[in-house]
Amino acid sequence: MLQINGLTITHRKDLRVILEDFNLVLNDGDKAVIIGEEGNGKSTLMKWLYDPALIEGYVEARGIRVLGNERLGYLPQELPDQDGKKTLYEFFTEEEGFWNRTPKELAELAGKFSVVSDFFYREQRMDSLSGGEKVKAQLMKLLLQEPTALLLDEPSNDIDLASLELLEKVIKDWKKIVLFISHDETLIENTANMVVHLEQIRRKTKCRYTVVKMPYRDYVEKRLHSFERQEQQALNDRREKKLRDEKFRRIYQSVDYAQATITRQNPGAAKNLKDKMHTVKAMGRRFARQDEEMTEFPEQEEAIFFKLGDQESCMPSGKTVLEYSLDELRTPGDGQSARQLARNIFLRIRGPEKICIVGPNGAGKTTLLKKIAGELMERKDVRAEYMPQNYEELLNLAMTPVDFLDRSGGKEERTRIRIYLGSLKFTADEMAHPIRELSGGQKAKVLLLKMSMSGANILILDEPTRNFSPLSGPVIREMIRGFPGAVISISHDRKYIAEVCGVIYRLTPEGLVLESER
33 MLQINGLTIT HRKDLRVILE DFNLVLNDGD KAVIIGEEGN GKSTLMKWLY DPALIEGYVE
93 ARGIRVLGNE RLGYLPQELP DQDGKKTLYE FFTEEEGFWN RTPKELAELA GKFSVVSDFF
153 YREQRMDSLS GGEKVKAQLM KLLLQEPTAL LLDEPSNDID LASLELLEKV IKDWKKIVLF
213 ISHDETLIEN TANMVVHLEQ IRRKTKCRYT VVKMPYRDYV EKRLHSFERQ EQQALNDRRE
273 KKLRDEKFRR IYQSVDYAQA TITRQNPGAA KNLKDKMHTV KAMGRRFARQ DEEMTEFPEQ
333 EEAIFFKLGD QESCMPSGKT VLEYSLDELR TPGDGQSARQ LARNIFLRIR GPEKICIVGP
393 NGAGKTTLLK KIAGELMERK DVRAEYMPQN YEELLNLAMT PVDFLDRSGG KEERTRIRIY
453 LGSLKFTADE MAHPIRELSG GQKAKVLLLK MSMSGANILI LDEPTRNFSP LSGPVIREMI
513 RGFPGAVISI SHDRKYIAEV CGVIYRLTPE GLVLESER
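Sequential numbering of the sequence shown, starting at 33, is according to the numbering used here.
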């Protein structure tokens, strides 16, 4: 059993309360997903549960965690810098459980994760792996530790479709405790039997949490119906109040007028009117008390919304946007360190097509997309914007979001940027924070806003939905689907592929193969 009692977490810099008096109990068989918008403290909560020292630098936490006899296995959202410098062999052999496995057992584990059997013994550095390969390596090392409770922060990021299905099986078959964060709605729907929802309402001035033991889709639907009923009841209460107040106002005015016009020669009637006014005022006080109990409109943290592209972004249907040829695609590097990934690559894009490139981890999708982005961004006849898998390739982490997005330095533009950031649920304090202090989802929002303001007619997106909450996921998909220009993307997000992308290519060693078109 894992238990959290009375946890309160406060941000040291702006003193914002992220969690207040949070309580949670997890038992064997619980597969609990933590959901919430970007920057709401999901990763912070998980880090604190694993090791409170991990969050001491930026938040203050007070609360009790009860671990019992559980052995915690933790997968961080990002590969730690010190692990990135290790070779695969160094990374795995520092885990005692590695030496307790036979070569056959290690080969079986490698096979489950669709990596070669000598993966554990390679001299390749961890930071040179693809995003998906890094996640696979960390997951395999985690399983070698034989934990009883899995704490997984974005385990679905960057892994290919086959590995996503394996991850689903690992979570569903786990007999003990699983607490995970994911932005993959399909993964959540297929695995979670418990939901922990963290919210920041009233413009992030008040925190709220909900813990329910039910599947994610049931929770979303029940929450929506509950809000609809509450909103309808609140409207009904206010309609009844309006009718009641109007009737009360007429009665009050009638008695008040009668009191003002009655003659002194009729003391009996005056007393009756005085008593009647006393009754009317008592009625008003009773109505005021009833109003305090009136149903409130539901408070919820709204999903983000803004539009990608404008009239300038429109791409004529049928216009050839790109004809890209590449004889050979190789891993980054020179000489013997570079190896061939694919050959005879050809890609043609016409008009406002939404294209997705899929394939296993390590196939070279990100390498190919970077080459395509490099060519398109140099052209003068189109306006292309690129969102890399690693946001730090484009973001200046020392700058604030406002400074990064400001191109002119003018007061009007900076005001406009703040309005846009506010629509993306940034607080005034977060707008003044260096970008390095923002969550992954908030960094993604900054890049999407940069694209929206650029007037681009081609978007090049490497895993565009990977850092957005499942509640924001439908909005992001709708934004990209509605973009009037062309989109070239890589994704393992099954809902994104199904709802946004009209043309799907699979990257194979023999080039790009058309997988589906609609």
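Backbone N, C-alpha and C fix where the C-beta goes; we use that ideal spot for every residue, glycine too.
Between the CA atoms of residue j and residue i - distance to the nearest angstrom
i	j	result
Y284	R317	13 Å
T125	E260	55 Å
Y82	V202	20 Å
D435	W131	51 Å
S523	Y537	11 Å
R509	P420	17 Å
A416	K144	39 Å
K118	T223	33 Å
Y121	L358	33 Å
L481	L373	33 Å
Y418	H465	24 Å
E469	D269	44 Å
L183	P112	16 Å
L51	G514	36 Å
D461	E542	50 Å
K412	I381	17 Å
S162	Q156	12 Å
K6	D277	For the chain, the structure presents residues 33 to 550; residue 6 sits outside this window and is missing.
L493	M326	48 Å
G394	E410	27 Å
T311	I449	56 Å
L138	E186	24 Å
Y251	S504	15 Å
K475	E140	38 Å
G473	F319	47 Å
S349	L86	51 Å
H215	G442	37 Å
From the options, residue whose alpha carbon lies closest to that of residue i
i	options	result
T497	M483, Q265 and R526	R526
V519	L171, K386 and K273	K386
E217	A430, G543, S440 and E531	E531
E547	A464, L427, G391 and T398	G391
L540	L400, H465 and I87	In the sequence as presented, Leu is not what sits at residue 540; that position holds Thr. It is L400.
A93	H43, L111 and T134	H43
D323	A266, A142, L196 and E140	A266
M33	G95, V210, R450 and I492	V210
N489	M347, N59 and N101	M347
S345	R550, V535, P516 and S149	P516
L491	G406, H257 and V252	G406
N101	E495, K208, V414 and Q109	K208
I529	I389, E425 and G454	I389
CB of residue i within 8 Å of CB of residue j, strictly
i	j	result
I467	P433	yes
E445	D438	yes
P502	I213	no
I67	M78	no
D115	M158	yes
R97	I36	yes
I404	L544	no
V287	M315	no
V478	L408	no
G105	A181	yes
M226	A64	yes
E69	K339	no
S146	A194	yes
L39	G89	no
K204	R48	no
R375	E360	yes
Assigned secondary structure, residue i (DSSP; H/G/I helix, E/B strand, else coil)
i	result
G357	For the sequence presented, residue 357 should be read as Ser rather than Gly. Three-state result, S357: strand.
V147	coil
K245	coil
V49	strand
E69	coil
L39	strand
I191	coil
I294	coil
K563	Any question about residue 563 goes unanswered here, given that the chain covers just 33 to 550.
V91	strand
Q474	helix
Touching or not, the region 157-169 and the region 184-203, by the rule of three or more beta carbon pairs under 8 Å? yes
Is there contact between the region 350-358 and the region 382-402, where contact requires at least three CB pairs shorter than 8 Å? yes
So, does the region 478-494 touch the region 167-186, judging by three or more C-beta pairs under 8 Å? no
Does the structure place the region 229-243 close enough to the region 64-74 that three or more beta carbon pairs sit under 8 Å? yes
Touch check for the region 239-257 and the region 50-57: three-plus C-beta pairs under 8 Å? yes
For the structure I just gave you, are there three or more beta carbon pairs, one from the region 288-304 and one from the region 269-276, closer than 8 Å? no
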